[in-house]
Every structure is written in C-alpha cells, then in structure tokens.
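Inspection log for the structure reproduced underneath, given as structure tokens.
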C-alpha cells in the first residue's frame, strides 16, 4: 500500500534527458580534473597498473550516472561500491581530496535516489552516503600525518555537507513531484466528479420527465376509462398509447446514454433535443389533467449547442415538476420569447388544487438546471407566484 508520502513508482520509471546530460557533463569536466589531480598529488609517478586501476574505477563511476534514471537503485549500489574501492585503493601520498571532482558523479546518484518515490530508498541513500563518508575519512586518516589532520577534518565536513545537500535537493524534488501528483489526482477527481454530476443530470432529465409523464398519462387514462360508457373509448386508447410511447421514448434515451457511456468516442444514438423540440414535448405531456399551452413570440435565432440543450431542459424540468408536485387539474403555460441577443424561456403553472408534497429533498433537478444554464452563459430564476414560475434567459449566437 502506498503511504501518504509516497508516489506510484511507475510514475518515475522514465528516462530523464536532463540527468543523462548532467552525467555527460560531469564525465567530460570532472574526470579530466580528477586524473590531473591524481598525477599532481602523487609524490612518485604511478605505476601503469595503479593508474589503469584508478582510471577504470573513475570511468565506471561516471558511467553509472547514465543509468540513474532507469535503474536508480542499481546505479546507486554500483556507485557506492566503486567509491569504497577507490577509498581502499591505497596510494601513498594521495588523499581523498584528489578524488573530489569525480565524487560529484556519486552525488548525482545520491540525489536521484533521494528523489525516489519510495521514502525508504531515500533514507537508505542518505544513510549509505554518510557511512561512506565515514569510511573514506577513516581510510584517509590512516594515510595522513598529524600535521594534516585539520585538512582531513575539513575534507570530512565538506563531504558530509555535500552528501546532506545532495540528499536535501533530492528530497525537495520528491516533494515537488508529490505535490504535482496530488494536484493531478485532485484535478482528475474533480473531472470525474463533474462527469458524474453531468451523467446524473442527464439521467434525471431523461428518466424523471418520461416517468412523470407516464404516471400522469396513466392517471388520466384511468379517469377517462372510468368515466367512459364504452371500454373501447378512443380517448382512453389514446391516453394508453401515450403511456406506451412515453415508455418507449424513455428506453431510447436510456439506451443512448448507456451506449455513450460504454464508448466515449461513439456518436449518440439520437440527436440532442433543443428549442425546436419544445413543441413536441408540450404536445406529448398534455393530458386530461394537465393542460399545457405553448406561446412563441419573435423570430427564432440560432443558439449555441449548450444553450439550445439548456432551453429544452428548462422546459422539460419545469413541466415535469409541475406535473409531479401540483395537484391536478393543472394549467401550465410555456413561453418562448426571442429577442435580438437572447431568448427568454418561461414556464409557469396556475397552482392547480395545491401541492402534492412530493418534493425532491435533494433538489437534484433544480441544482442541475441552474448549473446547466450557467454553463450556457445564461441565468435562471425560480420563484413562487400563484403557482411556480421558472424563467431562463439564454444568449443567442451572433450572426457570422
């Protein structure tokens, strides 16, 4: 299990060009300086064997830097082993200071592991680095005269400071990556929450309206059938047919949403409803107990896709709520008024014979409607008059 301070390791298993470039620069600059330092520090010329051995270890130390991105643990272990071999390679008259330029390559390995997503690896790198400083200091102390002890102490303090600095920089890089990862996670969770809210709103719009109309039509059919002399009354047959058609429409809407959720790249099975579909919605929702009239004023204009859908959803939600929450018989007036820069959608009911007290405690439909209209650049106003009035103002597209 990943702790709060750790990151998925796979997130960092990638080649970082910057680290390879750094390793190359260190090899080009630090390795020659170390070789020159060894030649100058030796009181006597090094034998070919000693020189070849030291150069081989130094080259291998620099080479490990090229693998610290893909294999940080293996590179660090290999670099630590090479540093120990260099420390135990006793050359009279040559102290650890001569190896300092190439020691920077080891600090790169330490930094990389310190920035590891695994905190234990980071602390292990620090511990290993400090132990290595102790070993190098102890070996140098054996070869150093008493008069050079101050120099040795200075070298030891410098090495400890370098190890701590490399580790601290790596830890800071790790914290920065952790913060970046958390921001990405929060952003992803926010996007998922928004998508869930959108799906919830769409499900509410599709299912709630269709089922509410089905219930209203069924109740109206029951009234018509009960008051008819003949059981084969055309009015009853028409009402029952509306119930069936509404059910089929709900199924089509659900299948379209399920198809879209199953394949994000798939096209919807049915066109998205807009302001042009309001007339059909009003006609479909009319029943013996709910009289719905539509009034359109002005010349229709072009709406943006989100505003077009929002206009339909406003009418759908308001009519659904009137049917669901107002005791019939109910009169519902729907108005679409076109202006130069906006369209005003108004849905109001006469209050019927009072409330049915079936309010949705979560207000999912209204909350989703407010958000949908806001995202389309409009405003929504809901207020209680004699009945309820829902009014939305949505912008029209500027003519191109």
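Residue numbers (the numbering used here): 5 to 404.
Using N, Cα and C, we set each Cβ at its ideal position, and we do this for glycine too.
For the 8 angstroms Cβ check, are there 3 or more pairs between the segment 177–194 and the segment 155–166? no
Quick check on residue 385: buried or exposed, where buried means 16 or more other Cβ atoms within 10 Å of its Cβ? Translated into positions along the chain shown, residue 385 becomes position 381. With fewer than 16 Cβ atoms within 10 Å of its Cβ, residue 385 is classed as exposed.
Could you tell me which of 188, 62, 313, 355 sits nearest to residue 349, measuring between CA atoms? Position 345 of the chain shown holds residue 349. Among 188, 62, 313, 355, the Cα nearest to that of residue 349 is on 313.
Measure the C-alpha to C-alpha separation of residue 93 and residue 182 and round it to an integer number of angstroms. Taking the chain shown and counting its residues from 1, the one referred to as residue 93 is at position 89. Taking the chain shown and counting its residues from 1, the one referred to as residue 182 is at position 178. Each residue's alpha carbon lies about 41 angstroms from the other.
Going by C-alpha distance, which of 304, 293, 117, 299 is nearest residue 327? In the chain shown, counting from the first residue as 1, residue 327 sits at position 323. Comparing Cα positions, the closest option is 293.
Take residue 316 and list the residues in its own chain whose beta-carbon comes closer than 8 angstroms to its own, dropping the five residues that flank it on each side. Taking the chain shown and counting its residues from 1, one reaches residue 316 at position 312. Only 277, 278, 279, 281, 282, 285 meet the Cβ criterion.
Three Cβ pairs or more, each shorter than 8 angstroms: is that satisfied between the segment 21–36 and the segment 104–124? yes
Under a Cβ-count criterion, where at least 16 other Cβ atoms within 10 Å of its own Cβ denotes burial, should residue 14 be classed as buried or exposed? Reading the chain shown from its first residue, position 10 is the one you call residue 14. Any answer about residue 14 is weak, because its pLDDT of 46 lies below 50 and its placement is not dependable; what the coordinates show is given next. The residue in question, residue 14, is exposed, as its Cβ has fewer than 16 Cβ neighbours within 10 Å.
List the DSSP bridge partners of residue 339. Taking the first residue of the chain shown as position 1, residue 339 is located at position 335. According to DSSP, which records beta bridges pairwise, residue 339 is partnered with 299, 350.
Can you have a look at residue 172 and say buried or exposed, based on whether 16 or more other CB atoms are within 10 angstroms of its CB? Taking the first residue of the chain shown as 1, we reach residue 172 at position 168. Exposed is the call here.
Nearest-angstrom beta carbon gap, residue 306 and residue 401 [assumed within contact, 8 angstroms]: Reading the chain shown from its first residue, position 397 is the one you call residue 401. Reading the chain shown from its first residue, position 302 is the one you call residue 306. At roughly 5 angstroms, the Cβ-Cβ gap stays under 8 angstroms, so residue 401 and residue 306 are in contact.
On the DSSP bridge list, what partners appear for residue 359? For this step, residue 359 is matched to residue 355 along the chain shown. Residue 359 is bridged to 330.
Count the other CB atoms, across all protein chains shown, that sit within 10 Å of the CB of residue 389; report buried if there are 16 or more and exposed otherwise. Counting from 1 along the chain shown, the entry for residue 389 is found at position 385. Exposed.
Taking contact to mean at least 3 C-beta pairs separated by less than 8 angstroms, is the segment 38–45 in contact with the segment 78–90? no
Short check: CB of residue 331 to CB of residue 357, under 8 angstroms? Position 327 of the chain shown, counted from the first residue, corresponds to residue 331. Position 353 of the chain shown, counted from the first residue, corresponds to residue 357. The answer is yes: Cβ separation under 8 angstroms.
Cutoff 6 angstroms; reference residue 333; Cβ partners in own chain excluding five residues on either side: For the purposes of this step, residue 333 is identified with residue 329 of the chain shown, where counting begins at 1. Correct list, in chain order: 293.
How about residue 377 and residue 318: are their beta carbons less than 8 angstroms apart? In the chain shown, the residue the question calls residue 377 occupies position 373. In the chain shown, the residue the question calls residue 318 occupies position 314. A contact, by the Cβ cut-off of 8 angstroms.
Top-ranked residue by Cα proximity to residue 69, from 353, 117, 371: Numbered from 1 along the chain shown, position 65 holds the residue referred to as residue 69. Selected option, being the one with the closest Cα: 117.
Please list, in chain order, all residues of the same chain as residue 304 whose beta carbon is under 7 angstroms from its beta carbon, the five residues on each side excluded. Working through the chain shown from its first residue, we reach residue 304 at position 300. Closer than 7 angstroms at the Cβ level, and outside the excluded window around residue 304, lie 342.
Roughly how many whole angstroms lie between the Cα atoms of residue 242 and residue 290? Residue numbering aside, residue 242 sits at position 238 when the chain shown is read from its first letter. Residue numbering aside, residue 290 sits at position 286 when the chain shown is read from its first letter. If you take the alpha carbons of residue 242 and residue 290, they lie about 12 angstroms apart.
Name the two residues that bound the continuous beta strand (DSSP E) containing residue 399. Sequence index remark: in the chain shown, residue 399 carries index 395 (1-based). Start and end: 392–399.
Rounded to the nearest angstrom, how far is the Cβ of residue 379 from that of residue 310, given a contact under 8 angstroms? The sequence position of residue 379 within the chain shown is 375, counting from 1. The sequence position of residue 310 within the chain shown is 306, counting from 1. Rounded, the Cβ-Cβ distance is 6 angstroms, consistent with contact.
From 370, 76, 337, 87, pick the residue whose C-alpha is nearest to that of residue 104; which is it? Position 100 of the chain shown holds residue 104. For the residues 370, 76, 337, 87, the minimum Cα distance to residue 104 belongs to 87.
Does residue 387 come out as helix, strand or coil in the three-state DSSP assignment? Numbered from its first residue, the chain shown carries residue 387 at position 383. Reduced to three states, the DSSP call for residue 387 is strand.
Could you give the residue range of the alpha helix (DSSP H) that holds residue 4? Past the boundaries of the shown model lies residue 4; the chain is included only from 5 to 404, so the question cannot be answered.
Just how far apart, CA to CA, sit residue 411 and residue 38? The shown model of the chain, from 5 to 404, leaves out residue 411, and the question about it has no answer.
Extent of the continuous alpha helix (DSSP H) to which residue 80 belongs: Within the chain shown, the letter at position 76 stands for residue 80. Looking at the DSSP string, the run of the alpha helix (DSSP H) that includes residue 80 is 76–92.
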